[in-house]
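Undergrad:
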Amino acid sequence: MRLEDKLFLNRYQTDKHPHLRLKDREVCRHCDGRPCTFICPARVYVWNEGEERIETAYEGCVECGTCRYGCAHDNIDWRNPRGGFGILYKYG
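Read in order, the letters of the sequence shown correspond to residues 8 to 99 in the numbering used here.
#1: Please state the DSSP three-state secondary structure of R60.
#2: Between the alpha carbons of Y96 and V69, how many angstroms are there, rounded?
#3: Pull up the distance between the alpha-carbon of H24 and that of G67, whole angstroms please.
#4: For L16 and V51, what's the separation of their Cα atoms in angstroms?
#5: Hey, how far is the Cα of T63 from the Cα of T44?
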């Protein structure tokens with residue numbers, strides 16, 4: 008089973024307050040390789056070539072915390088979602 012198929016089984020209780028954010032988007036413009044765009048298993052971070060910026064989709068985060076360690080510039084402020092919000096693992 009592909010990762011995308013497994014992620015589809017999960018359910019999310021989305022909060023209107025993001026639990027992760029970029030501290031300074033300008034840092035991302037000059038980041039070499041932008042590792043956050045490929046280390047996140049849920050693909051929360053995507054480089055928008057046209058706007059030259061990282062776009063974030065916190066709603067799909069699986070709360071693994073990998074992005075905190077993958078950003079060489081410590082530019083990601085990641086916190087656990089508020090109680091009752093975030094990912095709800097359906098199987099496993």
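Glycine included, each C-beta is placed from N, C-alpha and C at the ideal position.
TA: The short version:
#1: strand
#2: For Y96 and V69, the distance between alpha carbons rounds to 9 Å.
#3: 14 Å
#4: Rounded to the nearest angstrom, the two C-alpha atoms are 17 Å apart.
#5: 10 Å
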